[in-house]
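Residue numbers (numbering that gives the first Met the number 0): 0 to 421.
The beta carbon of each residue, even a glycine, is placed where N, CA and C say it ideally should be.
Owing to the predicted nature of the structure, the values given are computational and were not obtained by experimental measurement.
Contents: one structure, followed by commentary.
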Amino acid sequence: MLDKQIAKLIDAEKKRQKKVINLIASENYVSSDVLEALGSELTNKYAEGYPGRRYYGGNEVSDKVERLAQERALALFGLSPDVWAVNVQPLSGSPANLAVYLALLPPPSSYPVSSYQPPKIMGMSLSHGGHLTHGHNVSASGKFWIQVPYGVNPKTETLDYEALRRLALREKPAIIVAGYTAYPRVIDFKKFREIADACGAILMVDMSHFAGLVAGGAYPSPFSAEGGQALADVVTTTAHKTLRGPRAALIFSRRDSRELDKKIDKAVFPGLQGGPHLNQIAAVAVAFKEAGTPAFRQYATQVVKNAQALSDELARLGWRIVSGGTDSHLLLVDTWMNGKGIGGKEASERLENAGIIVNKNTIPFDERSPVEPSGIRLGTPAETTRGKKEQDFREIARKIDKVLRTYIDTNILMGTNDTNGY
Ligand code: DSN
């Protein structure tokens, strides 16, 4: 590369990634084929529109790339193109979710001004593990529409489907969103389907975090239940988390008389985006071919086993694991433990100094703030890609324990256990 400054920074980041233990639950390491597709000449091309319906000439290759990505996306999740459509153009997860709302929730202009009530999006609160785009008021999803927030049961720290049903029947949301960024347990999509049917809502599943586990058969499918029962109406996902692809997102929608797919296509382009990033779409196609292999199935199973080993060992060492464990690629550790431990911010900083990268995270019913929360979120996808197994994760748990205990013991000795301003 002629640009030495950027070359140096890329090299520094490459070295940093190699050196650390990466436990960020939403990160992964892509293959060199994915990188090659991302860095290809496809980045030079404008292809506004959809295959066969572009606004620029010269798109015969673009059409093939996009169609191949669509075919592979449907095949990866065992979906028939007669039943499901997929849009592979969203640039990332937040715009994908926004496109769904834009497509399916009636805009103010369709009502007389005096009678307009913004439609409701029922989504999990950020502090319980939801995502900003599930209706939080700092995101466009909570500014243009109204969030009906839900959370977990205070005792079990897991979803309480009866409480969800009552809330949905009372609030009558237009869309119910399932699928979270910091919820370690499996989601009962059948129960969500029943709740959505009971209140007439569209069921949207944001499977960004666990999509790779679904593809690898290590987590329940949000598309349909065993026996073929239809579950979600719309499924969004990013490609770069457990799916181990490039930064990108996709929207799957059920084909029926509601024409969800047509509305979603229009919302993505021209509603929200211009030209698709073809290099990114090609890289998605590459990643999805990789994710369809037996090796990826083994990877997905190992990701979950590793998270369980990490969780069990931390629990054995005395740490409180939110909900008592994990069924997925991530776990939440209550490091604060009512003031007897260490705040999440401090914990993540101490761990980073020791070469272990995690993120601070609120825990359900957190009494501290999102900037100084009570916990940390740990995930196993990235280190599992590097070949780590259960014994490696038990070792990582012991390292985490040692770093955090050293800090706590030092501060208790100094009588300054609480350094987070509480
Ligand atoms: N930032 C992602 C995560 O870490 O979960 C979600 O967008």
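Check                                                                                                          : Outcome
Inter-residue spacing [alpha-carbon to alpha-carbon] between Glu225 and Arg192                                 : 14 Å
Bridge partners - Leu158, DSSP secondary structure assignment                                                  : Val151
Presumed contact (8 Å Cβ cut-off) between Ala294 and Val33, rounded CB distance                                : Incorrect: roughly 15 Å between the Cβ atoms, too far for contact.
Per DSSP, the bridge partner or partners of Leu331                                                             : Arg376
Any 3 or more C-beta pairs closer than 8 Å across the segment 229-239 and the segment 54-64                    : no
Sequence-ordered residues whose beta carbon comes within less than 5 Å of a heavy atom of ligand 1             : Ser25, Thr180
Asp196, buried or exposed, once every other Cβ within 10 Å from all chains shown has been counted against 16   : exposed
Counterpart residues of Glu83 in DSSP-defined beta bridges                                                     : According to the sequence displayed, residue 83 carries Trp and not Glu. DSSP, once it has assigned bridges, lists Arg253 as partnering Trp83.
Alpha-carbon spacing of Ala299 relative to Gln228, whole angstroms                                             : 24 Å
Whole beta strand (DSSP E) elements within the segment 330-405, 3-residue minimum                              : 358-360, 374-378
Range of the contiguous alpha helix (DSSP H) that encloses Asp205                                              : That residue, Asp205, is in no alpha helix (DSSP H); its beta strand (DSSP E) goes 201-205.
Among Ile186, Gly199, Gly128, Pro107, the one whose alpha carbon lies nearest that of Phe143                   : Pro107
Closest by C-alpha distance to Tyr115, when choosing among Ile145, Glu382, Phe209, Gln4                        : Ile145
Which listed residue (Lys339, Thr334, Phe222, Gly354) has its alpha carbon closest to that of Ile411           : Lys339
Endpoints, alpha helix (DSSP H) assigned at Gly141                                                             : 139-142
Beta strand (DSSP E) segment containing Ala181, residue limits                                                 : Note, Ala181: premise wrong, no beta strand (DSSP E); not H, not E.
Buried or exposed (CB count within 10 angstroms, at least 16 for buried), Gln307                               : buried
Helix, strand or coil at Asn229 according to DSSP, with G and I counted as helix                               : A small fix is needed here, since residue 229 is Ala in this sequence, not Asn. Ala229 falls in the strand class under three-state DSSP.
Met123 versus Asp205 - alpha carbon distance                                                                   : 11 Å
Among Glu351, Lys359, Asn278, Asn337, the one whose alpha carbon lies nearest that of Tyr45                    : Asn278
Beta-carbon proximity of Leu166 to Ile186, cut-off 8 Å                                                         : no
Bridge-paired residues (DSSP) for Asn305                                                                       : DSSP, once it has assigned bridges, lists no residue as partnering Asn305.
Distance between Gln88 and Ser61 (C-alpha atoms, nearest Å)                                                    : 12 Å
Ile186, DSSP secondary structure in three states                                                               : coil
Local conformation of Lys240 per DSSP, three classes                                                           : coil
Endpoints, alpha helix (DSSP H) assigned at Gly211                                                             : 210-214
Sequence-distant residues of the same chain with beta carbon closer than 8 Å to Ala381, five excluded per side : Asn21, Leu22, Ile23, Glu26, Asn27, Tyr28
Residue burial classification, Val147 (beta-carbon count within 10 angstroms, cutoff 16)                       : buried
Member of Leu309, His208, His239 whose CA lies at the smallest distance from the CA of Gly129                  : His208
Alpha-carbon to alpha-carbon, Ile120 and Asn136                                                                : 11 Å
Cβ-Cβ separation, Ile362 to Pro372 (assumed contact under 8 Å), whole Å                                        : 7 Å
Per-residue burial, Lys359 [other beta carbons within 10 Å of its own, 16 or more giving buried]               : buried
Buried or exposed by the 16-neighbour rule on C-beta atoms within 10 Å, applied to Ser256                      : exposed
Rounded separation between Glu345 and Leu331 - CA only                                                         : 15 Å
Cβ pair Pro118, Leu97 closer than 8 Å                                                                          : no
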